[in-house]
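**Student:** Provided herewith is a single structure, encoded as structure tokens, for subsequent inquiry.
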Amino acid sequence: MLSIKIFAVAIWGFSLGGWWILQSPVLADVIDESVILTGKREEGFYNGIQLLFARSALIIQALSFAIVHIFTGFNENVENQTDLAKSGIQIHLAPLPMIFIFITGIILWKFLDLTPTKVKENKAKLAEKGI
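Under this note's numbering, the sequence shown has 68 at position 58, and the numbering climbs by one with no breaks.
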């Protein structure tokens, strides 16, 4: 049973690491696209929007903890939690993040049209402009 948990945590860590590594390059491509469309460099604006969403995620996380713990009867003063309270903790580890990641994936798939070809074209256009 321990090996399954270690395997699950390794996959979780690998996935989270990939997300952290890809965050800046994707934002850079979005900013390049913005420069092509508007002719202005607005990195500060995009970093501010990114920070707004990051802070909003912390608020959503705190609310989800509170809501799930209320509905599952989690009591921080009790040493041994009920099975329902333990299930609530497990909800925070997989199903709830999966739902949010799935929703985010659909939004990105629907609205983000940056393909490798388009990114190369954008870089060429920026090079032509000397940016």
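Note that the Cβ used here is the ideal one computed from N, Cα and C, for glycine as well. Bear in mind the structure is a predicted one, so any value in this text is a computation, not a measurement.
(1) Is DSSP giving Ala72 helix, strand or coil here?
(2) Could you tell me the alpha carbon to alpha carbon distance between Lys139 and Asp42, rounded to whole angstroms?
(3) With a 10 Å radius around its C-beta and 16 neighbouring C-beta atoms as the bar for buried, classify Ala95 as buried or exposed.
(4) Is Ala64 helix, strand or coil when you go by DSSP?
(5) Is it buried or exposed, Gly98, if we count other Cβ atoms within 10 angstroms and call 16 or more buried?
(6) For the alpha helix (DSSP H) holding Glu131, just list the boundary residues, first then last.
(7) So the alpha helix (DSSP H) Glu43 belongs to, where does it begin and stop?
(8) Taking the alpha carbon of Ala72 as the reference point, which residue from His102, Trp29, Ile141 and Pro35 has its own alpha carbon closest?
(9) Give me the Cα-Cα distance between Thr125 and Phe84, rounded to the nearest whole angstrom.
(10) Taking the straight line between their C-alpha atoms, what separation do you get for Gln60 and Leu32?
(11) Rounded to the nearest angstrom, what separates Glu86 and Ile69 at their Cα positions?
**Tutor:** This is what the structure gives:
(1) Here the question's residue 72 lines up with position 62 in the sequence shown. It is helical.
(2) The count along the sequence shown starts at 1 and reaches residue 139 at position 129. The count along the sequence shown starts at 1 and reaches residue 42 at position 32. C-alpha of Lys139 to C-alpha of Asp42: approximately 12 Å in a straight line.
(3) Residue numbering aside, residue 95 sits at position 85 when the sequence shown is read from its first letter. Around the beta carbon of Ala95, a 10 Å sphere encloses 16 or more other beta carbons of the protein chains shown; the residue is thus reported as buried.
(4) Taking the first residue of the sequence shown as position 1, residue 64 is located at position 54. In the displayed model, Ala64 falls within a helix according to three-state DSSP.
(5) The residue labelled residue 98 in the question sits at position 88 within the sequence shown. Flag for Gly98 reads buried.
(6) For the purposes of this step, residue 131 is taken as the residue at position 121 of the sequence shown. Glu131: member of the alpha helix (DSSP H) spanning Pro126 to Lys139, first to last residue.
(7) Along the sequence shown, one-based indexing puts residue 43 at 33. That run of the alpha helix (DSSP H) goes Leu12 to Thr48.
(8) Counting from 1 along the sequence shown, the entry for residue 72 is found at position 62. Nearest to Ala72 by alpha-carbon distance, out of His102, Trp29, Ile141 and Pro35, is His102.
(9) By 1-based counting over the sequence shown, the position of residue 125 is 115. By 1-based counting over the sequence shown, the position of residue 84 is 74. If I take the Cα positions, the gap works out to 45 Å.
(10) What you label residue 60 is simply residue 50 of the sequence shown in a count that begins at 1. What you label residue 32 is simply residue 22 of the sequence shown in a count that begins at 1. Taking the straight line joining both Cα atoms gives about 14 Å.
(11) In the sequence shown, the residue the question calls residue 86 occupies position 76. In the sequence shown, the residue the question calls residue 69 occupies position 59. Their Cα atoms are separated by approximately 20 Å.
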